[in-house]
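Read through the structure below, which is laid out as structure tokens, and then see the notes.
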Amino acid sequence: MLKGIAASEGIGIGKVRIISQQKITYDTKPVIGVHKEIDRLHDAIDTFIDKTNQLADEMEKSVNPKEAKIIRGHVTMLSDPFMVSQMDELIKNDNKCAEAAAETVLDMFKNMFQQAGDELTRQRATDVEDIKTRLLRILLGIEEADLKHLPPGTVLVTNDLTPSMTAEMDHENVVGIVTESGGMTSHSAILSRALEIPAVLSVLNATATLKEGSNIIVDGINGEVIDAPTMDQQEAYEQRREDYFEEKKRLQAYVGKRTETADGMSKEVFCNIGNPKDGIAARDRDGEGIGLFRTEFLFMDRNSMPGEDEQYEAYKKVCDTMEGKTVIIRTLDVGGDKEIPYMNLIKEDNPFLGYRAIRYCLQNEDAYMLQLRALVRANHDTGGNLWIMVPMVASISEIMQVRKLVAKAAEDLSMPIPKVGTMIETPAAFIMADVLARHCDFFSIGTNDLTQYIMAADRGNASVAYLYKTYDPAVLRALRSIISAGKKAGIPVGMCGEAAADPMLIPLLISFGLDEFSVGPTSVLHTRAEINRWTKAQADEVAKGVLQLETAEEVKMFLKEAIK
Ligand code: PEP
Ligand code: MG
């Protein structure tokens, strides 16, 4: 079995078709007729533009107008007079042939995009590489692999699925995609999701390991590829594919519906995201808002902090995507298990109890103010539904300080003050929840950390995993008391830890009075459906039983029975 990134959900069972993209080579020859060579280049560009527009038109009809924009963007890039004039100059002044001129200029743009600070711009380097390969093919008369005519049940296996390949392929007949590169936010991932083709990306040496024409299973749910499955495996996966389709059909009934209990109590299902692009998944999966944007991801995989404007763009993008729905953005949560090398955080003996999250931010006020200013601006410019959330609060004075800084940022910018709330992740915050609630516009319970701090069991340490249980009565009592404190103070209470998506806990959370469940985009419909199963009275009955139990194991067994 090969492992990779589960980039597009579903199970695909079919036969391997390998599309290996060799690096294009050519002989550089001195140019004899400069004008002729420039004409040759321009003819190739015109052909590229015609072909690409055709592709985009087809895609608009068959996939999704928004996704076709990615391909249309290739036309815009290669129609840029500056880019083309640079190629012309290289032919005129350096006597380069059309191929070398195009490659030099496009590589230059690619490198520039690759060095950009933000992920979105870096992503454009993939587009430039795609444009380069296709333009060189046209210039050299190399046939592109025929992706338009594929036999039914094809699983495409390739080094990298470029946007143009995705646009071109006969997607009716493609049941799975396996690539050697690309992540969740690459264009190939976005497009395979739009086409609803199961995809596993970043599978090491896939094109060399897998054999043309052999049977293969693509498990886009778990990120696994099963090469030459046995009969038993084949049957098991056919059943799983069947179950997946059934469940999908069942959940379709909840698309566009309000979230409510069986007796009509309104709830909300929000989404947890890690970058602005995930906002699209949240919107497309019918999230009613964003309950947690983990902004630390904007600070990772780079050499310095993102500036105020870059952060503003990212926050604004999510709010724009969510079209006026609530967007809760958590301020920087570094430290603990979240390392950011350029911040030079000193290695600590107890990182989870150390210099992390709001503790770091309040001691690095200048950097924190950049984030707060970016948030205040994004809130102002997108209609005022951005809420600021503070992680790892352990003392009332921390939230008071944050409120002061947010107010100062708003005053400096002459803009309104956004709502400010806190994550409840520490025992101190839970014990003081009634007081904390007076200083907060909302609560969101971070059960991932709250569980580890209540149980004094590191969330990543397998040796103490037997203690790290949200089902533990100690954690459940905390949840009940936090929600009750928030309710008494009249503020909304949400949950953005993994427990919010656990169907076994849903009746308890309904009974305790949780308002908002923030889950991964793929869990939205399932969570909505589970909430809809319970009346308040039934949920209370379950809670009453659970609260009499003494151990996590008993609770788990009880809930397993209760949700049947
Ligand atoms: C949590 O602790 O529950 C949470 C949502 O935050 P993170 O997992 O990012 O620490
Ligand atoms: Mg946390």
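Letter by letter, the sequence shown follows residues 5 to 568 in the numbering used here.
Glycine included, each C-beta is placed from N, C-alpha and C at the ideal position.
No experiment lies behind these values; they were computed from the predicted model shown.
- Each of PRO395, GLU429, GLY450, ASN452 and ASP453 has a C-beta closer than 6 Å to some heavy atom of the ligand MG; these make up the full list, in chain order.
- Under the 10 Å beta carbon count, ASN383 is surrounded by 16 or more other beta carbons and is classified as buried.
- With a contact defined as Cβ atoms closer than 8 Å, ILE15 and TYR248 qualify at about 6 Å.
- For ALA478 and MET459, the gap between their C-alpha atoms comes out near 8 Å.
- Residue pairing from DSSP places ILE220 in a beta bridge opposite GLY18 and ASP231.
- Distances taken from the Cβ of CYS444 to the heavy atoms of the ligand PEP include none shorter than 7 Å.
- For LEU205, the enclosing beta strand (DSSP E) starts and ends at 203 to 205.
- According to DSSP, ASN389 shares a beta bridge with no other residue.
- Per the C-alpha coordinates, the member of ILE95, GLN542, VAL207 and ARG360 positioned closest to GLU228 is VAL207.
- By the Cβ criterion, the segment 414 to 424 is not in contact with the segment 463 to 476, since fewer than three pairs of Cβ atoms, one from each stretch, lie closer than 8 Å.
- Annotation for ASP337 indicates a beta carbon within 7 Å of some heavy atom of the ligand PEP.
- Beta-bridge annotation (DSSP): GLY145 is not paired with any residue.
- Put simply, the backbone Cα of HIS46 is about 56 Å away from that of ALA504.
- At least one heavy atom of the ligand PEP is found less than 7 Å from the C-beta of CYS500.
- As the crow flies, the alpha-carbon of ILE22 is around 11 Å from that of LEU151.
- In this structure, LEU379 has its CB at a distance of at least 7 Å from all heavy atoms of the ligand PEP.
- Between the ligand PEP and ARG254, a heavy atom-to-CB distance of less than 7 Å is absent.
- About 6 Å separates the Cβ atoms of LEU214 and ASP231, confirming a contact at the 8 Å cut-off.
- Leaving aside the five residues that flank MET436 on each side, the residues in its chain whose CB is nearer than 7 Å to its CB run, in chain order, ILE400.
- As DSSP reads the structure, SER448 sits in a beta bridge with MET427 and GLY498.
- Non-local beta-carbon contacts of GLU352 in its own chain, meaning distances under 7 Å to residues more than five positions away in sequence, involve GLY358 and TYR359 in chain order.
- For the beta strand (DSSP E) assignment, the uninterrupted runs of no fewer than 3 residues enclosed by the segment 156 to 193 are, from N- to C-terminal side, 158 to 162 and 178 to 183.
- Apart from sequence neighbours up to five positions away, the residues of its chain that approach LEU302 with a beta-carbon distance below 6 Å are PRO310 and ALA318, ordered along the chain.
- Here ASN279 carries a coil assignment [DSSP, helix/strand/coil].
- Under the three-state reduction of DSSP output, LYS100 falls in the coil class, being neither helix nor strand.
- Taking all protein chains in view, the Cβ of ILE514 is crowded by 16 or more other Cβ atoms within 10 Å, so the residue is classified as buried.
- With 16 or more other Cβ atoms from the protein chains shown falling within 10 Å of its own Cβ, LEU94 counts as buried.
- In terms of side-chain proximity, the C-beta atom of LEU366 is found no nearer than 7 Å to any non-hydrogen atom of the ligand PEP.
- A direct Cα-Cα distance of roughly 8 Å separates LYS271 from LEU518.
- Per DSSP, reduced to three states, the secondary structure at LEU379 is helical.
- Annotation: LYS73 to VAL159 spans about 25 Å, alpha carbon to alpha carbon.
- If you compare the alpha carbons of ASP313, PRO280 and ALA466 with that of THR299, the shortest gap goes to PRO280.
- Taking the C-beta atoms as reference points, ASP337 is found no nearer than 8 Å to ALA371.
- In this structure, the CA atom of ASP92 is about 35 Å from the CA atom of GLY187.
- Taking the Cβ atoms as the reference, ALA11 lies roughly 12 Å from ASN226, outside the contact range of under 8 Å.
- When the beta-carbon positions are compared, ILE277 and ILE332 stay at least 8 Å from each other.
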